[in-house]
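Chains as they are written, first to last, in the numbering used here: chain H, 119 to 562; chain S, 12 to 250.
Built from N, CA and C at the ideal position, the CB exists for glycine as well.
Because the structure is a prediction, the values reported are computed rather than measured.
Taking it in order: structure first as structure tokens, then the write-up.
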Amino acid sequence: MINILLNPLPLAISELRRHIFGVVIIVLLIAVAVAFGIAVSASERALRQACARAADRFDLVIGAPGSSAQLILTTVYLQGAAIPLLADDVLPRLQRDQGVEYAAPIALGDSVDQYPVVGTSKDFVTDGSRIRLVEGRVFSTRSEAVVGAAVKLAIGATFQPMHGRAADQLIDEHKHSFKFNIVGRLPKTGTAWDHAILVPIEAVWGIHTGALSGSQAEPHREQHHAASELLGPPWASDDIKGVPAIVVRAKSPVDAYRLRAQYQYRPAAKSGRDGGNYGGNSGGNYGGDNSGGSNTMAVFPAEVLVELYAVIGDMRKIMTAMSFATQLIVLLSVLLVIISALAQRRQSVAVLRAMGSPATFIFALVWIQGFFIIGLGAALGLVFGWGGSIILVNAFASDIGFNIVPTISHREWLLAASAVLAGSIMATIPSVIAWRQNNAATLR
Amino acid sequence: MVRDVSATLALQDVLLQYRNEHIQSVDISQTQAGFTNLLDHANWTLASGAQVALCGPSGCGKTSLLNVLAGIEKPASGSIRWGDVELAKLSARQQDSWRRESLGLVFQQFHLFPCLSALENVLLPTRFVALAPTAAMRERAQTLLARVGVRANADISVLSRGEQQRVAVARALLMSPSVVLADEPTASLDTNTAQTVATMLRDLCREQRSTLIVATHDRDIASAFGAIYDMANGKITLR
């Protein structure tokens with residue numbers, strides 16, 4: 119059996135080499151068709167994994183009633199958008215809860231260059247001592263900041279945050295006069311938080327309520343004043359000047375579910391701080407009315423991700439179907455090219471048979487060539503697809519600050535293998551035609 | 012390398028019919044409506060080692076007769092025997108094997124493979140049953156190419172037509188076949204080259220005692236053979 123395939127090999131390779139230009143074109147055509155499917159599959163999985171990884175440290179996110187997807191996009195993926203503020207008593211209540219390991223406020227709205235400045239607590243920075251900084255230390259005063267791994271600002275550097283985010287074009291043209299000093303750097307996570315600058319929530323409150331907004335001429339005096347104040351937690355209700363979201367680390371899954379039920383949105387209990395937001399535009403409201411009920415919305419990020427996966431999954435199905443259709447069309451085209459090329463080789467085949475070549479030699483000769491072209495195309499498609507998925511994912515990931523490296527899994531191998539299998543089966547068609555041709559008539 | 016296998020030809024009562032639409036010549040026997048008898052219960056015998064020319068007008072069926080003698084085409088009736096081998100009684104695999112080992116073919120259009128060198132073309136029949144030719148075969152191929160005056164590593168596409176036909180002759184003789192069938196081997200060549208190739212073919216076949224049948228319509232080429240057979244009206248007759 120092996121000999122049947124091996125004996126025609128030198129002739130098969132020589133013939134392919136002679137038509138190298140056409141062979142390369144066909145191989146590339148197949149490679150692109152296969153790569154399309156591979157890229158879609160690998161990209162979708164990589165994005166899904168990256169989304170899940172980014173949400174890992176967020177047990178439960180609590181915000182004011184509204185869009186749960188927007189709440190998760192804002193807190194987990196730092197996709198700046200205006201979200202309503204929570205009532206001021208929510209954070210103290212969560213702090214007192216026995217099932218809460220820590221409850222960290224998350225306040226966005228400012229930025230430095232393209233980096234979002236996030237007001238939060240020490241607990242969130244270290245994830246309750248689970249995270250060790252790769253450089254420096256956690257902030258201990260209002261004028262100190264910790265940067266994500268991808269932030270191109272050195273320890274010891276100072277910055278003045280802008281109101282809004284350049285990336286979202288929500289900057290309203292003013293720079294806060296308060297200066298922060300970078301004291302620590304977080305390890306790389308491959309998430310949007312690598313591009314974030316974390317500052318004490320008290321500093322964000324101070325800046326937006328005016329307590330820390332002195333004139334540019336006297337920043338040092340203000341900074342000295344700010345540094346003298348202690349950082350929370352705990353925070354009293356009076357200290358809290360608006361929190362758009364709270365990340366809760368529960369002590370156990372039971373606590374997480376209890377808290378979720380407890381803070382789940384109930385339409386009957388009307389409250390919240392309608393109109394308040396941290397969006398960074400002129401509608402922002404950090405120092406407004408604190409009154410309102412305890413109306414909240416508690417979201418497990420996984421719930422939102424499941425919905426997101428459903429959307430991505432549907433897109434993947436469509437794209438996969440399209441890639442299959444493309445592969446089929448390309449393979450059929452290749453088949454037609456091989457069959458029409460075979461018509462030009464009828465004489466050669468007849469001569470080989472007349473010289474005593476076994477029918478299996480002819481079959482194998484034609485089959486090897488078809489299989490080689492399709493197999494090489496599929497193999498190249500795997501490589502191109504992987505490369506394509508890197509480009510595709512990075513184009514998307516750069517927008518959301520993800521650092522994603524797509525991998526080739528069994529699904530992509532299966533896709534390439536199915537193309538090879540389909541090709542090897544389709545290659546039998548011209549082989550049978552060559553094998554069964556009327557050699558006497560051809561030689562006459 | 013000389014083959015001892017007898018290559019006596021005994022063609023008995025062979026009927027070879029074609030549908031009329033496939034036939035262009037009118038100088039042939041017609042016995043049945045719609046059919047033409049290229050061979051009409053024809054008989055033909057040749058001694059082993061004979062060298063004969065087969066003549067006849069274009070379309071009379073010379074190529075078809077050679078196909079029948081090579082076992083490529085089956086007659087409607089009758090038998091073709093080469094020595095002890097009756098072609099009709101061989102299985103398809105045995106016929107392949109017989110053609111590979113005992114038959115050499117030379118075509119009018121050479122039918123070389125331009126993707127292979129001269130040496131690789133000559134060695135092609137060995138590839139049918141083995142991945143690589145033996146050292147002995149390689150040496151014989153090189154010897155044959157030297158005899159016909161073509162470089163072993165020559166690129167087929169740059170060879171002249173005469174050189175290409177000489178490579179084809181070397182390929183036909185590689186396995187030292189007991190039978191060599193040549194179908195208009197000189198029709199594509201100029202007169203001088205044609206004579207050279209024909210002489211070369213006859214000499215090489217004589218050396219290895221192969222039976223040689225050359226189908227030709229070239230009188231000069233035919234006249235060099237000891238025996239000339241004419242094919243007309245479904246019969247083969249000695250001129």
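Taking every protein chain shown into account, the CB of Ala314 (chain H) has 16 or more other CB atoms within 10 angstroms, so this residue is buried. Among the CB atoms of chain S, one or more fall inside 8 Å of the CB of Ala558 (chain H). Taking 8 Å as the cut-off, the beta carbon of Leu377 (chain H) is found closer than this to the beta carbon of Asp215 (chain H). For Phe479 (chain H), at least one C-beta of chain S is nearer than 8 Å to its own C-beta. When DSSP states are grouped into helix, strand and coil, Asp231 (chain S) belongs to the helix group. Pairing Ala179 (chain S) with Val96 (chain S) gives a Cβ-Cβ distance that is not under 8 Å.
Counting along the chain, the unbroken alpha helix (DSSP H) around Gln105 (chain S) starts and ends at 103-113. The contact set of Ala141 (chain S) on chain H, defined by CB atoms closer than 7 Å, consists of Asn125 in chain order. Nearest Cα to Ala147 (chain S) within the set S:Leu212, S:Leu134, S:Val225: S:Leu134.
Here DSSP, grouped into helix, strand and coil, assigns Asn413 (chain H) to coil. For Cys66 (chain S), there is no enclosing alpha helix (DSSP H); the residue is found in the beta strand (DSSP E) stretching over 62-66.
Scanning chain H for C-beta atoms nearer than 8 Å to the C-beta of Arg110 (chain S) yields Ala472, Met473, Gly474, reported in chain order.
Look at Leu196 (chain H) here: in three-state DSSP terms it is coil, with no helix or strand label. Ala243 (chain S) sits in a strand when the DSSP states are folded into three classes. At least one CB atom of chain S sits nearer than 8 Å to the CB of Leu129 (chain H).
In this structure Ala193 (chain S) is in contact with Leu212 (chain S), their Cβ atoms being roughly 6 Å apart against a cut-off of 8 Å.
By the Cβ-count criterion, His528 (chain H) is exposed, with fewer than 16 other Cβ atoms from all chains shown falling within 10 Å of its own Cβ. Beta-bridge partners assigned by DSSP to Tyr29 (chain S): S:Thr47.
Under the DSSP definition of a beta bridge, His281 (chain H) partners with H:Asp228. Annotated as proximal: Val301 (chain H) and Val264 (chain H), with beta-carbon spacing under 8 Å.
Straight across, the Cα-Cα distance linking Ala275 (chain H) with Asn299 (chain H) is about 6 Å. When the five nearest sequence neighbours on each side are left out, the beta carbons in the same chain lying within less than 6 Å of the beta carbon of Tyr381 (chain H) are those of Ile180, Thr414, Ala416, in order along the chain. Fewer than three beta-carbon pairs drawn from the stretch 537-545 of chain H and the stretch 68-75 of chain S are found closer than 8 Å, and the two stretches are therefore not classed as touching. Among the residues of chain H, those whose CB is under 8 Å from the CB of Phe124 (chain S) are Leu129, Ser132, Glu133, Ser466, following chain order.
The beta-carbon of Val142 (chain H) is placed no less than 8 Å from the nearest beta-carbon of chain S.
Taking Phe418 (chain H) as the centre and dropping the five residues before and after it, the same chain places the C-beta of Leu178, Arg378 closer than 7 Å to its C-beta, in chain order.
Ile551 (chain H) has its alpha-carbon roughly 10 Å from the corresponding atom of Ala461 (chain H). Interface annotation for the stretch 136-166 of chain S against chain H: Pro136, Arg138, Phe139, Val140, Ala141, Leu142, Ala143, criterion Cβ-Cβ distance under 9 Å.
Between Arg303 (chain H) and Ala267 (chain H), the C-beta gap is smaller than 8 Å, which places the two residues in contact. Nearest in C-alpha terms to Ala99 (chain S), of all of S:Ser113, S:Val79, S:Gly115, is S:Val79. For Pro128 (chain H), no beta strand (DSSP E) segment is defined; the enclosing uninterrupted segment is the alpha helix (DSSP H) at 127-136. Taking C-alpha positions only, Asn244 (chain S) is separated from Leu27 (chain S) by approximately 12 Å. For chain H, the residues of the stretch 83-97 of chain S that bring a beta carbon within less than 8 Å of one of its beta carbons are Ile83, Glu84, in chain order. By a beta-carbon distance limit of 8 Å, Leu20 (chain S) contacts Thr56 (chain S). Their separation comes to about 6 Å.
For chain H, the residues of the stretch 52-78 of chain S that bring a beta carbon within less than 7 Å of one of its beta carbons are Thr74, Ser75, Asn78, in chain order. Taking Val538 (chain H) as the centre and dropping the five residues before and after it, the same chain places the C-beta of Gly493, Ala496 closer than 6 Å to its C-beta, in chain order.
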